[in-house]
Amino acid sequence: TPECLASFACALNDCFDFAKESYKIGKVAVDLMKKYDVVSDCAPFVYLAVYSSVALLVEPYQSCADMLQRGYEFSMSKGDTDLASRNLVLMVQNLYFGGTKLSVLKKNISSRINLETQRSHQILLPFWLIFEDTVFTLIGDQEMLSPNIEADLTEGGTVSSDYLDFLCHQRMQSSYWLGHYDRAKYYAERKIRQGLLKFKSIVSEFYFGLTAIKIFQRKGKKVWINRTEKSIATMKKVAETSEWNFQNKVNLLEAELSSVSKHIDNDEALEKYNKAIEAAKWSKFIHEEGLACELAGFHCNRVGDKTNALNFLNRAKECYNEWGSRMKVKFIDNEIQQINNTAS
């Protein structure tokens, strides 16, 4: 049945070496569902299984979000609010990965929380609250991540592995964006310790690699360079099946690694940063385009190239403004001001 094939594709998807095979099986499940006109019966589960993990390694995040929207619509037509909610939360997550404007995400999340609080079974409400905390912080509606949600991540807690994985993933990204690199490191290591850093949470690997560079810059221990090299190897593997989703991440990790090299080649580092910027732009990842510009600006400032530093940081500001992150715009403004002050 389509459901069985979709389930098998998901199980196979946790192994790097079977990404292409799992995607093919997942697509067969979708095609069979359509061919034998059982879409209304199978769609909620099949779309959820295939486009929440399997297809992410091949198709653009934005396309996967569109298909999860279909899964949500079919679920609602059947009256299956549980599967509808699961399709929707993963659709919004893919929109986030794809650089959708934060104001759009905020609207989706707020309306969903209002609906979830009215349900007798609020299984997914904690996921929406975590997401709300992330988006509100990035927008700048609140200055820090909520300590109430933070309290749920305690040793010996009774939270589910799915909830813990989602919480760690969101917290790691948020902490990195906020510049709290020790916290980002904590959540990444917590994911690994719990066995949660699986193939389906590949974006976490990207942020762990970036965090490791920041830790290395402070502590100078080669173990953090090794950690970033491991992240690069992982991202290269997934970029083989989806250049759209992952090539910009490979380029940015490599640029950051070049920037902290003992024998730094400034031209080589700049070339990699520019590749990362262009790849993110090509994929319409406005947030990661901004991040690549930001990190390129920091690199130029470190090597004494104030002009290019300001150029890159102003481009980052434009990207963050388009993304809707007042928090990052304010941060970049402060960085620009500091460079101008030292140059005068």
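Under the working numbering, the first residue of the sequence shown is numbered 46, with each subsequent residue one higher.
Glycine included, C-beta positions come from ideal geometry on N, C-alpha and C.
Every value quoted in this text rests on a predicted model; they were computed, and no experiment measured them.
(1) Reducing DSSP to helix, strand and coil, say where Ser-130 ends up.
(2) Reducing DSSP to helix, strand and coil, say where Leu-242 ends up.
(3) Could you pull out every residue in the same chain whose Cβ sits closer than 6 Å to the Cβ of Lys-320, ignoring the five residues on either side in sequence?
(4) Along the alpha helix (DSSP H) that carries Ser-306, what are the first and last residues, could you check?
(5) Helix, strand or coil for Gly-185? Go by DSSP, reduced to three states.
(6) Determine, using beta-carbon pairs with one atom in the stretch 321-336 and one in the stretch 353-368, whether at least three such pairs fall under 8 Å.
(7) Would you decide whether Tyr-81 is buried or exposed? Buried here means 16 or more other CB atoms lie within 10 Å of its CB.
(8) Taking the alpha helix (DSSP H) that Tyr-81 falls in, what are its first and last residues?
(9) Do Tyr-252 and Gln-218 have their C-beta atoms within less than 8 Å of each other?
(10) Please name the residue, chosen from Phe-90, Cys-338, Ile-175 and Asp-86, that lies closest to Leu-212 on a Cα-to-Cα basis.
(11) Within the same chain, show all residues whose beta-carbon is closer than 6 Å to that of Phe-90, passing over the 5 residues directly before and after it, in chain order.
(12) Return the CA-CA distance between Val-99 and Tyr-226, expressed in angstroms with no decimal places.
(13) Assign Ile-168 to one of three DSSP states: helix, strand, or coil.
(14) Kindly indicate which residue of Phe-291, Lys-259 and Leu-133 has the alpha-carbon position closest to the one of Tyr-117.
(15) Measure the alpha-carbon distance for Leu-77 versus Lys-282 and round it to whole angstroms.
(16) For Val-348 and Gln-262, what's the separation of their Cα atoms in angstroms?
(17) Are the Cβ atoms of Tyr-106 and Phe-142 separated by less than 8 Å?
(18) Please determine, among Phe-330, Cys-338 and His-308, the residue with the shortest C-alpha to C-alpha distance to Lys-317.
(19) Within 10 angstroms of the Cβ of Asp-378, are there 16 or more other Cβ atoms? Answer buried if so, exposed if not.
(20) Helix, strand or coil: which one does DSSP assign to Phe-330?
(21) Locate the alpha helix (DSSP H) running through His-214, then write down its first and last residues.
In terms of the structure at hand:
(1) Against the sequence shown, residue 130 aligns to sequence position 85. In the structure shown, Ser-130 sits in a helix (DSSP, three-state: H, G or I).
(2) Here residue 242 is taken as the residue at index 197 of the sequence shown, counted from 1. Per-residue confidence for Leu-242 stands at a pLDDT of 47, beneath the threshold of 50, marking its modelled position as unreliable; the derived number appears in the next sentence. In the structure shown, Leu-242 sits in coil (DSSP, three-state: anything other than H, G, I, E or B).
(3) Within the sequence shown, the letter at position 275 stands for residue 320. If we look at Lys-320 and ignore the five residues flanking it on each side, its Cβ neighbours are Asn-296.
(4) As a working mapping, residue 306 is identified with position 261 in the sequence shown. Element bounds for Ser-306: n/a, residue is neither H nor E.
(5) For the purposes of this step, residue 185 is taken as the residue at position 140 of the sequence shown. Reduced to three states, the DSSP call for Gly-185 is coil.
(6) yes
(7) Your numbering for residue 81 matches position 36 in the sequence shown. That one is exposed.
(8) Translated into positions along the sequence shown, residue 81 becomes position 36. Tyr-81 -> no alpha helix (DSSP H), and no H or E assigned at all.
(9) On the sequence shown, position 207 is the one that residue 252 refers to. On the sequence shown, position 173 is the one that residue 218 refers to. Yes.
(10) Locating residue 212 in the sequence shown gives position 167, counting from the first residue. Here the closest residue by C-alpha is Ile-175.
(11) Translated into positions along the sequence shown, residue 90 becomes position 45. Cβ within range, chain order: Glu-48.
(12) Taking the sequence shown and counting its residues from 1, the one referred to as residue 99 is at position 54. Taking the sequence shown and counting its residues from 1, the one referred to as residue 226 is at position 181. About 30 Å.
(13) The count along the sequence shown starts at 1 and reaches residue 168 at position 123. The answer is coil: DSSP assigns Ile-168 none of H, G, I, E or B.
(14) As a first step, residue 117 is located in the sequence shown; it is residue number 72 there, counting from the start. It is Leu-133.
(15) In the sequence shown, the residue the question calls residue 77 occupies position 32. In the sequence shown, the residue the question calls residue 282 occupies position 237. When rounded, the distance between both Cα atoms is 29 Å.
(16) Here residue 348 refers to the residue found at position 303 of the sequence shown. Here residue 262 refers to the residue found at position 217 of the sequence shown. Rounded to the nearest angstrom, the two C-alpha atoms are 14 Å apart.
(17) Counting from one through the sequence shown, the residue named residue 106 turns up at place 61. Counting from one through the sequence shown, the residue named residue 142 turns up at place 97. Yes, they are a contact pair.
(18) In the sequence shown, the residue the question calls residue 317 occupies position 272. The candidate whose alpha carbon is nearest that of Lys-317 is Cys-338.
(19) If you number the sequence shown from 1, residue 378 lands on position 333. Asp-378 is exposed by the Cβ-count criterion.
(20) On the sequence shown, position 285 is the one that residue 330 refers to. DSSP places Phe-330 in coil when its eight states are reduced to three.
(21) For the purposes of this step, residue 214 is taken as residue 169 along the sequence shown, with counting starting at 1. Per DSSP, His-214 belongs to the alpha helix (DSSP H) from 206-223.
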